[in-house]
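Read through the structure below, which is laid out as structure tokens, and then see the notes.
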Amino acid sequence: MKKIISFILAFLFSIFTIGCSKKSEDTRSLSAIDYSYLNLSGTDALGRRIETGSSYKEDQKHVGIFYSFWIGQHPELQKSIQNIQNLLDQGQTGIEKLKDLSDAGQFYFWGEPLYGYYNMQDPWVLTRHVELLTMAGIDFLCVDATNTFEYVKVGETLLPILRAIKEQGFKVPGVCFYTNTSSGTTANRIYENYYKDGKWDDLWYAPNGRPLIVGITENNNMASDQTRYHNSKDFVSPTLQRYFEVKESEWPNGLPNDNSMPWMSWDCPQIIHNGYIAVPVAQHGHDTISVSHMAPESHRGYDNKKGIVTGDYREGQSFQQMWDTVFENENDVSTVLVCSWNEWMAQKQPNTGDFVDVYNWEYSRDIEMMKDGYGDNFYLQLCQNVRKFKLNSGVSYSYPKTEINLDATDLSKEFENVKSHYKDFSGDALARNFKNAAGTENYIDNSNRNDITDIKVAHDGNNLYFYVQTKDAITEYNGTDKNWMNVFIGEGKTDNTFAGYKYVLNRTPNGNKTSLEVYNNGQWEEKGTADFRIKDNVMVVCVPLSSIGKSANKLAIEFKVSDNVTNPDDIMDYYVTGDSAPIGRLSFSYGK
Numbered sequence: 026m027k028k029i030i031s032f033i034l035a036f037l038f039s040i041f042t043i044g045c046s047k048k049s050e051d052t053r054s055l056s057a058i059d060y061s062y063l064n065l066s067g068t069d070a071l072g073r074r075i076e077t078g079s080s081y082k083e084d085q086k087h088v089g090i091f092y093s094f095w096i097g098q099h100p101e102l103q104k105s106i107q108n109i110q111n112l113l114d115q116g117q118t119g120i121e122k123l124k125d126l127s128d129a130g131q132f133y134f135w136g137e138p139l140y141g142y143y144n145m146q147d148p149w150v151l152t153r154h155v156e157l158l159t160m161a162g163i164d165f166l167c168v169d170a171t172n173t174f175e176y177v178k179v180g181e182t183l184l185p186i187l188r189a190i191k192e193q194g195f196k197v198p199g200v201c202f203y204t205n206t207s208s209g210t211t212a213n214r215i216y217e218n219y220y221k222d223g224k225w226d227d228l229w230y231a232p233n234g235r236p237l238i239v240g241i242t243e244n245n246n247m248a249s250d251q252t253r254y255h256n257s258k259d260f261v262s263p264t265l266q267r268y269f270e271v272k273e274s275e276w277p278n279g280l281p282n283d284n285s286m287p288w289m290s291w292d293c294p295q296i297i298h299n300g301y302i303a304v305p306v307a308q309h310g311h312d313t314i315s316v317s318h319m320a321p322e323s324h325r326g327y328d329n330k331k332g333i334v335t336g337d338y339r340e341g342q343s344f345q346q347m348w349d350t351v352f353e354n355e356n357d358v359s360t361v362l363v364c365s366w367n368e369w370m371a372q373k374q375p376n377t378g379d380f381v382d383v384y385n386w387e388y389s390r391d392i393e394m395m396k397d398g399y400g401d402n403f404y405l406q407l408c409q410n411v412r413k414f415k416l417n418s419g420v421s422y423s424y425p426k427t428e429i430n431l432d433a434t435d436l437s438k439e440f441e442n443v444k445s446h447y448k449d450f451s452g453d454a455l456a457r458n459f460k461n462a463a464g465t466e467n468y469i470d471n472s473n474r475n476d477i478t479d480i481k482v483a484h485d486g487n488n489l490y491f492y493v494q495t496k497d498a499i500t501e502y503n504g505t506d507k508n509w510m511n512v513f514i515g516e517g518k519t520d521n522t523f524a525g526y527k528y529v530l531n532r533t534p535n536g537n538k539t540s541l542e543v544y545n546n547g548q549w550e551e552k553g554t555a556d557f558r559i560k561d562n563v564m565v566v567c568v569p570l571s572s573i574g575k576s577a578n579k580l581a582i583e584f585k586v587s588d589n590v591t592n593p594d595d596i597m598d599y600y601v602t603g604d605s606a607p608i609g610r611l612s613f614s615y616g617k
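Numbering-wise (the working numbering), the sequence shown opens with residue 26 and increments by one.
Here is the structure:
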């Protein structure tokens, strides 16, 4: 009997030691920005997970996204805000408006972006775009210049924002342009307006040394619709071919060219062009150019294998199948071009009233978050797939215990050697006051208050510590706000939580103590208290591990810090108002 008991004890001890050995010492030498990106996590509205990564893959992988400058840049063609989905929802009255050809040529939105019907010269919107796409791991913005316009005023707004955030150390996307119609002429104007003076040389996407541009040369070999069907000879000049690395423009109804960078594919699995592959959210109709004809392949829920629509448009079935091609051929793919981020509009066509490229919630191909509809599903799906493509899987690291003295004179020094350091963008908490796409009204938002820049997390045997730093001195608590410098804690589980968060700290501070609340049945309830210190631009909160169901030996959380979110019970507003670190539904992980 003693031998049996000894054997059982030895077996249990071996299981315990094996379990403990799964935690690895973290010997990585990471910047705070890399640490932050690798430790992003979250759960989308459909329960799909964004997981942490341990490192970047050895084979350099790039992901670009088709990016539109055109919103609000054609005032003569956008005299009012029109929303196709809203008109369809109105029934016969709305359908008659869509069929009315008196406003043919005018731009219509297919739905409403989360940031409203914005103008692409709005610096508030462009700052949000840069933050979102940087956090998604996007390497380059492929600016749509296929219709000959280069939209210099938008570029002059975007490029300084990219540089300001890049100077903070963030890996912002580079920029390149995609030309097609009048390719050579358009490329000349792009060079003159953007490249010639060298002012923005550090911001161009140049994977092989020279800035990359997509255009048409003598070697296009009918890859573009312009060369196959229109006999275009408007080629990128020899001079610019020496300045740029030129990838050939390819249309889905053109002939495959190994040196092309296609933006769209009608094939699934897609053709790989010497490492380059297109990953569209949805396609054009193969037999009709107008998406308003609602061909099944133009639907977000299209099943490319069965040739019919089988999925809910909010789930992104077609998009995922395109990504699956990438993963099935990962060794052969170096660069993915996703289509698209923010097209949002289509022109009502003369004679027919049709709409090309995009139409409504279901028949469209944008990823940017929207009001209602798919919400942020496609943005988070993008994050999930980019991380799978570029990162190695997460590793469970050991997090050493750290003694923190809350009453120290210099709280920053207490956290000086804490490795779990998360960075947020400085300058993203800014006021908004800019006209909409039609110039009919201004979007105004003054919820920017405390600009969160740094978070550090540590624990000892009994407590969990959050160190939060802001750009300027933290505003005083006004005695009433529930949305002042909140810390959300969870595990990413969506059952009986607020978007994955089970606890919130600091909705009701009082002296050196602050509140701990738990989410239950759709509301926050009192749970306990935490210690709390603020000095100048630093806040530290200390919460007992036991009060959040954790221990020093069993500690894995996801968290977010936010300030002055106007509608704090709506997770989508964490993309919009105040400041959130990280933005929106994303979280940082600690102890995972």
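Yeah, the Cβ is synthetic: ideal placement off N, Cα and C, and Gly gets one too.
Since the model is a prediction, treat every value here as computed from it, not as a measurement.
In the structure shown, what three-state DSSP assignment does G603 receive? coil
On the CB-based measure, 16 or more other CB atoms within 10 Å of its CB, does A248 come out buried or exposed? buried
Looking at the unbroken alpha helix (DSSP H) that takes in D59, where does it start and where does it end? A57 to L63
Quick check on N578: buried or exposed, where buried means 16 or more other Cβ atoms within 10 Å of its Cβ? exposed
Quick one: is S54 buried, meaning 16 or more other Cβ sit within 10 Å of its Cβ, or exposed? exposed
Report the three-state DSSP secondary structure of K617 (helix, strand or coil). coil
Might you give, ordered along the chain, the residues of its own chain that have their beta carbon closer than 6 Å to the beta carbon of T204, omitting 5 neighbours on each side? A170, T211, A212 and G240
Is it right to say S46 is buried, meaning 16 or more other beta carbons lie within 10 angstroms of its own, or is it exposed? Model confidence at S46 stands at a pLDDT of 45, short of 50, so the residue's coordinates are unreliable; what they give is reported in the following sentence. Exposed: under 16 other Cβ atoms inside 10 Å.
Can you list, in chain order, the residues of its chain with a C-beta nearer than 6 Å to that of D337? Leave out the 5 residues immediately preceding and following it. G326
Short of 6 Å in beta carbon distance, which residues of its chain neighbour Q406, apart from the five on each side in sequence? Order them along the chain. G341
Helix, strand or coil at S623 according to DSSP, with G and I counted as helix: Because the chain spans 26 through 617 in this model, residue 623 falls outside it and cannot be assessed.
From S208 to C167, what does the alpha carbon distance come to, in whole angstroms? 15 Å
On the three-state DSSP scale, how would you describe G609? coil
Quick one: is F352 buried, meaning 16 or more other Cβ sit within 10 Å of its Cβ, or exposed? exposed
Nonlocal neighbours in the same chain, by C-beta distance under 7 Å from N218, ignoring five residues either side: E175 and V177
Assuming L237 and F269 are in contact, meaning their beta carbons sit under 8 Å apart, how far apart are those beta carbons, in whole angstroms? 7 Å
Measuring CB to CB, does Y388 end up less than 8 Å from M319? yes
When DSSP labels each residue in this structure, what does N589 get in the three-state scheme? coil
Distance, V179 Cα to S262 Cα: 25 Å
Pull up the CB-CB distance for L123 and G400, whole angstroms please, since I reckon it's below 8 Å. In fact, because the Cβ distance is near 25 Å, the residues do not count as touching under 8 Å.
Within the chosen definition, does the region 481-493 reach the region 429-444 through at least 3 CB pairs nearer than 8 Å? yes
Could you tell me if P100 is buried or exposed, where buried requires 16 or more neighbouring beta carbons within 10 angstroms of its beta carbon? exposed
Reduced DSSP secondary structure (H/G/I, E/B, other) of R235: coil
Check whether the Cβ atoms of K460 and L139 sit closer than 8 Å, and answer yes or no. no
Are V586 and I477 touching if we call contact CB-CB under 8 Å? yes
What separation, rounded to the nearest whole angstrom, lies between the Cα atoms of S423 and D312? 56 Å
Proximity below 8 Å, CB of T206 to CB of Q266: no
DSSP puts P305 in a beta bridge; with which residues? C364
What ranges does the beta strand (DSSP E) occupy inside the region 244-276, keeping only unbroken runs of at least 3 residues that lie completely in it? 270-273
In the DSSP assignment, what residue or residues form a beta bridge with M289? According to DSSP, M289 bridges with nothing at all.
Specify, as a first and last residue, the run of the beta strand (DSSP E) that E181 falls within. No beta strand (DSSP E) contains E181, which is instead part of the alpha helix (DSSP H) from V177 to K191.
If you measure between the beta carbons of D588 and G609, is that distance less than 8 Å? no
Can you tell me whether DSSP reads L455 as helix, strand or coil? coil
Does DSSP put W149 in a helix, in a strand, or in coil? helix
With H, G and I counted as helix, E and B as strand and the rest as coil, what does DSSP make of D595? coil
Rounded separation between W276 and I499 - CA only: 52 Å
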